[in-house]
Structure formats: structure tokens, C-alpha cells
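Residue numbers (the working numbering): 1 to 283.
Okay, here's the thing in C-alpha cells:
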């Protein structure tokens, strides 16, 4: 069927517009502001308009980032693995260039940015929320997969009423864990103690959630297509964790959360993605 000329022209103009959309040059990966009037002193200027910097905000060639408060900082990650901290001695940065189109790592990073856009930049100590039902959104119903190594395994849950009693068993060994009011726990693991782990969480109303694990010698390797680019450290952390969380229908999500948890104290983007995963986001 031949389309009318007007529709053909409209589709051509639309496709031309889509192709003309510029690729980002990078992203805002951290926003640290101090003082009451800091917001007025900090801006991303785009085509003459001042925009407030936001976590995972895309930046384009021609944007100018201003941080006029020397005690504040806005961190950027740009194509080619370049990381720039604006603030202190560098109070202006002119953005240029574009992230290579078709790059799988940056495409995944951009998708993660969409997930985090509009989310809270405040990351409370206990990121899980209150509610009636006690659940562990990070975990799958079948066996969850984690790496067999000596460490503390971090696990968070949603809902329930504290205090919480947590019991864990690695192989034949019972692991002692103190009761907690928080909705997160560090479970100490010993290398070689066993290949199966079970963690049971019980709240004060006797709601129970049990997560079962199987231990593996190593996590799946990141595909070559996600290693070709040279993203900055924040992008690399998010891409690695998001990809791992998608492997084996989410069975590696708890292990992926360990990657983010290790960086959450110093990486706002990692903390924000971890909070979304604890709430139930799946890649």
C-alpha cells in the first residue's frame, strides 16, 4: 500500500529530527551542595537557560557547569573515561564532545540514568521502607547465586515491624546474628564453610522471609561489548552491577547489590541505584 505524500513527508521530517538529536557528552554522577543559597550559585547553563544539576542528568556539548560555592562540588563523567569535579578551584566547566553512539556500556548507563531520574538524592542509612508485608525484593524465589568468599554479605528487606531476628546457616554452620531494628544486615561468611546458605528474617509479628543461596566460585564475566568503552568509575560500577543483576533471571541480583553497597558511601549514583533495587527495580 502506497502511503500518501503528506504522511511520507511527515515521517521523513520526524526521522530527520530523531537523527538530529545529539548524543550526551556525559552525565552528572554526584551533587554535593552546602549552604542555604548554594542552589542559586550552582547551575548547568544550556542555551542561555540555567538548570539545577541533578543526579544522572545528561550533559550535552555546549553546556556550561557552574559551581560558585567553593565548598560545594558537582562531579561529571564524560566520554573516554574523563572524570571532572567542578567546585573548589574549578568553578566552571565547558562541556564538549559526545559519547560514542552505539556503545553498549554507555547505552546501559543512559538507561540506568532514566531509572534514577527524579529519584531522591537523599540516601538514608536504612534504605528499605516500612510497610505491612515483610519481603526481600532483591532476591528471587529460587536459589540466589553469590560468590564463595570470606566476607560480610549485605542484605536488605522491605516492610515488617521491628525488631527483626535474623538467623543464617552456611552449610552445617549456624551464624550468630544480633537482633536489629534496621531493615538491613551484614551476614559474616567464611570461605569453604559450605555451598548453600539460608537466611531467615522474622519480624516482631512473626512474619517470616527466607532467602536461599547457592555459592559459586566466581560471578559471570562482564561481556566484551560492555568492556570496550572507557566509562568513568561510577559508570563502570553501575553498568557492572545492572548487568550482573539481569543474569540468570535475576539470580545474581544480591551479588550485584554487593558491588553497589561497597561504593554507596562515596558514590551517590551507586547508592541511588542500590536503593531502587532494594525497592524492587529489576534490570
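Every residue gets a Cβ at the ideal spot worked out from N, C-alpha and C, and that includes glycine. Since this is a predicted model, take the numbers as computed values, not measurements.
Just the C-alpha distance for residue 159 and residue 70, rounded to the nearest angstrom, thanks. 41 angstroms
Quick check on residue 90: buried or exposed, where buried means 16 or more other Cβ atoms within 10 Å of its Cβ? exposed
In the DSSP assignment, the beta strand (DSSP E) including residue 170 goes from what residue to what residue? 165-170
Label residue 148 either buried or exposed according to how many other C-beta atoms from any shown protein chain fall within 10 Å of its C-beta, with 16 as the threshold for buried. buried
Which residue comes first and which comes last in the alpha helix (DSSP H) that contains residue 114? 104-116
Anyone know if the C-beta pair for residue 109 and residue 235 falls short of 8 angstroms? yes
Cα separation between residue 184 and residue 250? 20 angstroms
Quick check: residue 75 and residue 85, are their CB atoms within less than 8 angstroms of each other? yes
Apply the 10 Å Cβ neighbour rule to residue 291 and answer buried if 16 or more other Cβ atoms are within range, or exposed otherwise. The first residue shown for the chain is 1 and the last is 283, placing residue 291 beyond what the model contains.
Helix, strand or coil at residue 256 [DSSP, three-state]: helix
Would you please state the rounded distance, in angstroms, between the beta carbons of residue 170 and residue 134? I believe it to be under 8 angstroms. So it is not a contact: roughly 22 angstroms between Cβ atoms.
Cα-Cα separation between residue 195 and residue 152, rounded to whole angstroms: 16 angstroms
Using 8 angstroms as the threshold, is the C-beta distance between residue 219 and residue 252 below it? yes
Rounded to a whole number of angstroms, what is the C-alpha to C-alpha distance between residue 248 and residue 49? 45 angstroms
Tell me residue 100's beta-bridge partners as DSSP assigns them. According to DSSP, residue 100 bridges with nothing at all.
Less than 8 angstroms separating the beta-carbons of residue 203 and residue 164? yes
Within 8 angstroms, strictly: CB atoms of residue 115 and residue 26: no
Where does residue 124 land, buried or exposed, given buried means 16+ other C-beta within 10 angstroms? Because residue 124 sits at a pLDDT of 48, beneath the cut-off of 50, its placement in the model cannot be relied upon, and the point is left open.
For the beta strand (DSSP E) containing residue 136, name the first residue and the last one. No beta strand (DSSP E) holds residue 136; DSSP gives it neither H nor E.
Just tell me which of 255, 239, 182, 223 has its CA closest to the CA of residue 212. 255
What is the DSSP secondary structure of residue 49, reduced to helix, strand or coil? strand
Please report the Cβ distance between residue 168 and residue 187, rounded to the nearest whole angstrom; I am assuming they are in contact, meaning their Cβ atoms lie under 8 angstroms. 5 angstroms
Ordered along the chain, which non-local residues of its own chain (more than five positions away) have a Cβ less than 8 angstroms from that of residue 173? 190, 193, 194
Terminal residues of the continuous beta strand (DSSP E) containing residue 82? 82-87
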